[in-house]
Amino acid sequence: MIISMTCLQARAHRRQGRAALALADLLTEELPVLLWQVQAAEHAAGSLLGVRDDGDPASRVDAVDEWARRLGVTPSWEKLASHGGEYRAAGWHLGTRVTVRAWLDASPLEANT
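With numbering that gives the first Met the number 0 as the guide, the letters of the sequence shown map in order to residues 0 to 112.
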């Protein structure tokens, strides 16, 4: 079965539209402010990426934790370099994949153990 590029683009546009509606709904809630992207890459089209890259590390951890609670998920840590990694939470809202992340120098999970 051959799917035309136009069909794939139309599907990506629909997914992005649904993601924009999901984001608008989430932004009505009292949650930490994030920098948002509606993903366009075909494999991730229509997903949302929220990043908290300002403020002190504790405020970034708190932001991810609050969004994780809203999404009903547990945050995770992924070491990406010898000096840091990503603290993230990923879940679903209105049929849209939502990922929230913050760069940290050290795992907030190890600090709490």
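Each residue gets a CB set at the ideal place from its N, CA and C atoms; glycine is no exception. These numbers were taken from a predicted model, which means no experiment stands behind them.
Are there 16 or more other CB atoms within 10 angstroms of the CB of residue i, so buried, or fewer, so exposed?
{"i": "S46", "result": "buried"}
{"i": "A9", "result": "exposed"}
{"i": "A88", "result": "buried"}
{"i": "L33", "result": "buried"}
{"i": "G54", "result": "exposed"}
{"i": "T98", "result": "buried"}
{"i": "A57", "result": "exposed"}
{"i": "A101", "result": "buried"}
{"i": "G49", "result": "buried"}
Please list, in chain order, all residues of the same chain as residue i whose beta carbon is under 6 Å from its beta carbon, the five residues on each side excluded.
{"i": "A18", "result": "V37, G45, L47, T95"}
Any idea what DSSP makes of residue i, helix, strand or coil?
{"i": "Q38", "result": "coil"}
{"i": "S128", "result": "Beyond the ends of the chain as shown, which are 0 and 112, falls residue 128; an answer cannot be given."}
{"i": "G45", "result": "coil"}
{"i": "H82", "result": "coil"}
{"i": "E109", "result": "helix"}
{"i": "E77", "result": "strand"}
{"i": "T5", "result": "helix"}
Could you name the residues of the same chain whose beta carbon sits closer than 8 Å to that of residue i, not counting the 5 residues immediately before and after it, in chain order?
{"i": "L70", "result": "A88, A89, G90, W91, H92, V97, V99"}
Is it true that the segment 74-82 meets the segment 21-29, where meeting means three or more beta-carbon pairs spaced less than 8 Å apart? no
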